[in-house]
Amino acid sequence: MTSTITYQNVHNLFKLNGFHLDRNDLCRVAYSFIKEGDEHEKSVGDFILDWFDNKSYLEFSTSGTTGAPKLIRIEKQAMVDSAVATGDFFDLHPGDKALHCLPTKFIAGKMMFVRSFILGLDLDFVAPSSHPMLLNDTKYDFAAMVPLQAQNSLAELNNVKKIIIGGAKMNTALEKGLSKLKTIVYETYGMTETITHIAAKKIGEEAFSVLPNIKIAKDDRNCLVIDAPKISEKSIVTNDLVEIVGENQFVFLGRIDNVINSGGVKLIPEKIEQKLSHKINSRFFVTGIHDAALGEKLVLVIEGENQTLEDTIFDGLDKYEKPKEVFYVAKFTETENGKVKRKEILESM
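Note that the numbering used here gives residue 220 to position 220 of the sequence shown, counting from 1, and the numbers run on in steps of one.
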């Protein structure tokens, strides 16, 4: 495919819930969704009408991944180019059957529609829920989910040839469950500014591989810098600490915002959490809290009731990586995508 495809195009093989729809059909469906549809359908109706209006861009609120949340404009043609890159990377073809189960108010949900319009996918659109494949035995070529949806769909996912999972970090239990499936599973890396994912890795792999037309580098903080001329005129500077592996791959180490300075030693929570991931069954994270002597001290926060931890779970950690204290929180607060809100949880303790 080439970038001569424009956002006004609708592929002649595109289907929505079994029906071939062209641009005019889609606008009629959009009006119907807005007037008579359920809540999740109304947001789809709004998006479709916005997509086919006379503006060349859409406006999005960022999640704050690269700084404070802000309103940004993204060119529709850039979204088309992103869809084409996804099609190339994941080997998607016109007529492939796809499942859309993400909220359309977020860019990931909007992009599933754009990919379908542009690539000519046969799209089943269902209400976003925590168990999107319940009572659904349809065979799919492609689907996108957040980790919670994938966790709840493990019994049905063998009906999907290829799935991408993003929005929040997958835990070890989910990765283990997914690795037993015949489904090809990718974890994605991206944000609103990059029009969802710009890189992906298969389950079990350490390094993310970038999509076509993406170049990567590190800044002086060792954070990822993304050069994606078809998506953004400016380089996108992230707060994600990475290790660049070759020209087109990187290993995500952690968020620079989360780095703990304990007595002059800089600790990356995500690296410590990875070492503990096989030893703690509940959700957890490590973070720093104020300490008079150290400045910040490393603590472990576990979701659930108090429990007795064996000292051996900290075997394998470096001296400075061992938590000084353990806290328990009955229920973690999280984003709609299932991402744990570390700061809010700390403030509530």
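C-beta atoms are modelled at their ideal positions from N, C-alpha and C, and glycine is treated no differently. All figures in this text were calculated on a predicted structure; none of them were measured in a lab.
Would you tell me roughly how many angstroms separate the C-alpha atoms of F117 and E193, rounded to the nearest one? Along the sequence shown, read from residue 1 onward, the residue named residue 117 stands at position 117. Along the sequence shown, read from residue 1 onward, the residue named residue 193 stands at position 193. Roughly 21 Å separates the two Cα atoms.
For the alpha helix (DSSP H) containing H40, list its first residue and its last residue. As a working mapping, residue 40 is identified with position 40 in the sequence shown. Element bounds for H40: 39–51.
Does the separation of the CB atoms of F47 and K110 fall below 8 Å? Translated into positions along the sequence shown, residue 47 becomes position 47. Translated into positions along the sequence shown, residue 110 becomes position 110. Yes, these two residues count as a Cβ contact at 8 Å.
Looking at G288 and K297, is the spacing between their C-beta atoms short of 8 Å? Working through the sequence shown from its first residue, we reach residue 297 at position 297. Working through the sequence shown from its first residue, we reach residue 288 at position 288. The answer is yes: Cβ separation under 8 Å.
Going by Cα to Cα distance, which pick from H290, K202, T238, F142 is closest to K324? Residue numbering aside, residue 324 sits at position 324 when the sequence shown is read from its first letter. It is H290 whose Cα lies nearest to the Cα of K324.
CA nearest to the CA of I244, picked from I226, N258, K234: As a working note, residue 244 is residue 244 in the sequence shown. Among I226, N258, K234, the Cα nearest to that of I244 belongs to I226.
Please look up how many angstroms separate the CB atoms of F412 and I107, rounded, as I've assumed it's under 8 Å. No answer is possible for residue 412: the residues shown for the chain start at 1 and end at 349.
Three-state secondary structure (DSSP) of I107: Counting from 1 along the sequence shown, the entry for residue 107 is found at position 107. Looking at I107 - three-state DSSP - the assignment turns out to be helix.
Going by Cα to Cα distance, which pick from I198, N158, I195 is closest to V185? Indexing the sequence shown from 1 puts residue 185 at position 185. It is N158.
Check G120 in the structure and name its three-state DSSP category. Residue numbering aside, residue 120 sits at position 120 when the sequence shown is read from its first letter. Reduced to three states, the DSSP call for G120 is coil.
Measuring straight from C-alpha to C-alpha, what distance separates F285 and E273? Here residue 285 refers to the residue found at position 285 when the sequence shown is read from its first residue. Here residue 273 refers to the residue found at position 273 when the sequence shown is read from its first residue. If I take the Cα positions, the gap works out to 6 Å.
Would you mind sorting N24 into buried or exposed? The rule is 16 or more other CB atoms within 10 Å of its CB. If you number the sequence shown from 1, residue 24 lands on position 24. Looking at its Cβ environment, which holds fewer than 16 other Cβ atoms inside 10 Å, N24 is exposed.
Selected residue, minimal CA-CA separation from C27, among E39, Q8, F332, D38: In the sequence shown, counting from the first residue as 1, residue 27 sits at position 27. Answer by Cα proximity: Q8.
With distances taken from CA atoms, which of F125, L99, K15 is nearest S43? Taking the first residue of the sequence shown as position 1, residue 43 is located at position 43. Here the closest residue by C-alpha is F125.
Range covered by the beta strand (DSSP E) that runs through F142: Sequence index remark: in the sequence shown, residue 142 carries index 142 (1-based). Segment 140–145, the beta strand (DSSP E) holding F142.
Report yes or no: do three or more beta-carbon pairs, one from the stretch 126–136 and one from the stretch 74–94, lie closer than 8 Å? no
For I360, I'd like the list of residues in its chain whose CB is within less than 7 Å of its CB, leaving aside the five on either flank, ordered along the chain. Lying before the first or after the last residue shown, residue 360 is absent from the chain, which here runs from 1 to 349.
Opposite T86 in the DSSP bridges: which residues? Residue numbering aside, residue 86 sits at position 86 when the sequence shown is read from its first letter. Answer is none; T86 lacks a bridge partner.
Stretch pair the stretch 210–225 + the stretch 247–264: three plus CB contacts closer than 8 Å: yes
Nearest-angstrom Cα distance between M145 and A292? Walking along the sequence shown from the start, residue 145 turns up at place 145. Walking along the sequence shown from the start, residue 292 turns up at place 292. Whole-angstrom Cα-Cα distance: 43 Å.
Report buried or exposed for R221, applying the criterion of at least 16 other Cβ atoms within 10 angstroms of its Cβ. Taking the first residue of the sequence shown as position 1, residue 221 is located at position 221. R221 comes out exposed.
What separation, rounded to the nearest whole angstrom, lies between the Cα atoms of T188 and I203? Mapped onto the sequence shown, residue 188 falls at position 188. Mapped onto the sequence shown, residue 203 falls at position 203. Cα-Cα distance, rounded: 10 Å.
Using 8 Å for Cβ pairs, my map puts T333 next to E344. What's the rounded Cβ distance? In the sequence shown, residue 333 corresponds to position 333, counting from 1. In the sequence shown, residue 344 corresponds to position 344, counting from 1. Sure, about 5 Å apart at Cβ, within 8 Å.
Determine the extent of the beta strand (DSSP E) in which V251 is found, giving its start and end residues. Position 251 of the sequence shown, counting from 1, holds the residue named residue 251. Segment 249–255, the beta strand (DSSP E) holding V251.
Alpha-carbon to alpha-carbon, K15 and V299: On the sequence shown, residue 299 is found 299 positions in, with the first residue counted as 1. On the sequence shown, residue 15 is found 15 positions in, with the first residue counted as 1. The straight-line gap from Cα to Cα measures roughly 51 Å.
Output the distance between the C-alpha atoms of L253 and V259, rounded to the nearest integer angstrom. Along the sequence shown, one-based indexing puts residue 253 at 253. Along the sequence shown, one-based indexing puts residue 259 at 259. Going from the Cα of L253 to the Cα of V259 covers about 10 Å.
Quick check: P212 and D88, are their CB atoms within less than 8 Å of each other? As a working note, residue 212 is residue 212 in the sequence shown. As a working note, residue 88 is residue 88 in the sequence shown. Yes, the pair counts as a contact, with Cβ atoms nearer than the cut-off.
Tell me where the beta strand (DSSP E) around C27 begins and ends. Residue numbering aside, residue 27 sits at position 27 when the sequence shown is read from its first letter. Counting along the chain, C27 falls outside any beta strand (DSSP E), though it belongs to the alpha helix (DSSP H) covering 23–36.
Can you grab the Cα-Cα spacing for the pair A155 / R115, in whole Å? As a first step, residue 155 is located in the sequence shown; it is residue number 155 there, counting from the start. As a first step, residue 115 is located in the sequence shown; it is residue number 115 there, counting from the start. Between A155 and R115, the C-alpha separation is close to 26 Å.
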